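A.B. asks: Attaching a single structure in structure tokens format; questions to follow.
2 protein chains.
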Amino acid sequence: MPRAPAPPIRTVATLRPRLFVRVIVGNRRLIGPGRADLLDQLDRTGSISAAARAMRMSYRRAWLHIDDLSHQLGRPIVETAQGGRRGGGAVLTETGRTLLNAYRRMQKRACDAAERDLEALVRLAKRNAKGPTAPRD
Amino acid sequence: MPRAPAPPIRTVATLRPRLFVRVIVGNRRLIGPGRADLLDQLDRTGSISAAARAMRMSYRRAWLHIDDLSHQLGRPIVETAQGGRRGGGAVLTETGRTLLNAYRRMQKRACDAAERDLEALVRLAKRNAKGPTAPRD
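And the structure:
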């Protein structure tokens, strides 16, 4: 078999940096990009198991995320229809919807606010890559 | 020995959520709160090993963070004085300083932009905690 080509060099000079936000309560995660994507998938598919599959995680793991969020917010963030957890559908409750919307807004605003600084880092890395004293490789 | 008191319940209703930003390049972390704190400590102490101790990480681990950042930005982010890595002092280079300043600015702006949404989550959790159908505990 032919050898795989070398992976592209992923530095700030060649691949745009992206910013993500994470909300912490005490030392415990409330929500970050992974949980937000899980809730998005749940909202899209109407099913915890379909959302878990889309996220390539086990049903149990998805359920633990949902359970932890529900605890932290004091009320269930997902409502499951009759037929058992795997059988019926699942929808975000008002609490779940508020959380997801708040996260998406914070993420959007943070990205907008960071744009200039991310650009400055890219410019710096490109200058470094061209410079006379680039460190190694 | 007397039993330790039960830990306080850390929910959004009782403990203010905080927002942190993380910058990702491809699937790889560039900088988040941990690395920013490490660079702050280095800047304060002028020493990689003192910074590592303050962060409760090994010298090796601290050095790997610094090395990875230097690779991603195309130039060393820390300059070490003669006397070997542990012997001499260490200071942030212009690249390191630019990175740390950019991170702190992005973090500050993101927090400012998120304030209302974090407050809304706290109000929601407090309402949930008082509500008639709080789930358990």
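The listed protein sequences correspond, in order, to chains A and B.
Reading the first sequence from the start, the letters are residues 13 to 149 in this note's numbering.
Reading the second sequence from the start, the letters are residues 13 to 149 in this note's numbering.
The beta-carbon is built from N, C-alpha and C at its ideal position, and this holds for glycine as well.
Here the structure is a predicted model, which is why all the values come from computation and not from measurement.
1. From the DSSP output, in three-state form, read off Ala25(B) for me.
2. Below 7 Å CB to CB, which residues in the same chain sit around Gly38(A) once its five sequence neighbours on both sides are set aside?
3. Measure the Cβ-Cβ separation of Leu27(B) and Ala114(A) and say whether it is below 8 Å.
4. In whole angstroms, what is the alpha-carbon distance linking Ala146(A) and His77(B)?
5. Check whether chain B comes within 8 Å of His83(A), counting only Cβ atoms and requiring the distance to be less than that.
6. The alpha helix (DSSP H) with Arg73(A) in it runs from where to where?
7. Counting only beta-carbon atoms, is Ile78(B) nearer than 8 Å to chain A?
8. Quick one: what's Glu131(A) bridged to in DSSP?
9. Can you list the residues of chain B that Asp129(A) reaches, using a CB-CB cut of under 7 Å?
10. Check the DSSP bridge columns for Thr92(A) and list the partner residues they point to.
11. Leaving out five residues on either side along the sequence, give the residues of the same chain with a beta carbon under 6 Å from the beta carbon of Arg47(B).
12. Within 8 Å of any Cβ in chain B, is that where the Cβ of Gly38(A) sits?
13. Can you say whether Ser82(A) is buried or exposed, counting buried as having 16 or more other CB atoms within 10 angstroms of its CB?
14. What is the DSSP secondary structure of Arg68(A), counted as helix, strand or coil?
15. Which residue marks the beginning of the alpha helix (DSSP H) containing Gly44(B), and which one marks its end?
16. Do you know whose CA, among Gln84(B), Ser70(B) and Leu130(B), lies nearest Val35(B)'s CA?
17. Rounded to the nearest angstrom, how far is the Cβ of Arg73(B) from that of Ala64(B), given a contact under 8 Å?
18. According to the neighbour-count rule (16 or more other Cβ atoms, all chains shown, within 10 Å of its Cβ), is Asp149(B) buried or exposed?
19. Please name the residue in Ala141(A), Val90(A) and Arg22(A) whose C-alpha comes closest to that of Thr110(A).
20. Beta-carbon within less than 7 Å of Pro45(B)'s beta-carbon, same chain only, minus the 5 sequence neighbours each way: which residues are those?
21. How long is the line joining the alpha carbons of Val103(A) and Pro88(B), rounded to whole angstroms?
22. Under a Cβ-count criterion, where at least 16 other Cβ atoms within 10 Å of its own Cβ denotes burial, should Ala126(A) be classed as buried or exposed?
23. Find the residues of chain A that neighbour Ala132(B), judging by a C-beta separation of less than 8 Å, and give them in chain order.
24. State the beta-bridge partners of Leu54(A) as determined by DSSP.
C.D. replies: In short:
1. coil
2. none
3. no
4. Any reading at Ala146(A) must be qualified, since the residue scores a pLDDT of 49, below 50, and its modelled position is unreliable; the value itself is stated next. Between Ala146(A) and His77(B), the C-alpha separation is close to 19 Å.
5. yes
6. Tyr71 to Leu85
7. By this cut-off, Ile78(B) is not an interface position.
8. Looking at the DSSP assignment, Glu131(A) forms no beta bridge with any residue, so it has no partner.
9. Ala114, Arg117 and Met118
10. Ala102(A)
11. His77
12. By this cut-off, Gly38(A) is an interface position.
13. buried
14. Collapsing the DSSP output to three states places Arg68(A) in coil.
15. Boundaries for Gly44(B): no alpha helix (DSSP H) harbours it, and the DSSP string shows neither H nor E there.
16. Gln84(B)
17. 7 Å
18. Its pLDDT being 48, under 50, Asp149(B) is placed unreliably by the model, and the measurement read from it follows with that caveat. Under this definition Asp149(B) is an exposed residue.
19. Val90(A)
20. Phe32
21. 49 Å
22. By the neighbour-count rule (16 or more Cβ atoms within 10 Å), Ala126(A) is buried.
23. Thr110 and Ala114
24. Partner(s): none; Leu54(A) has no beta bridge.
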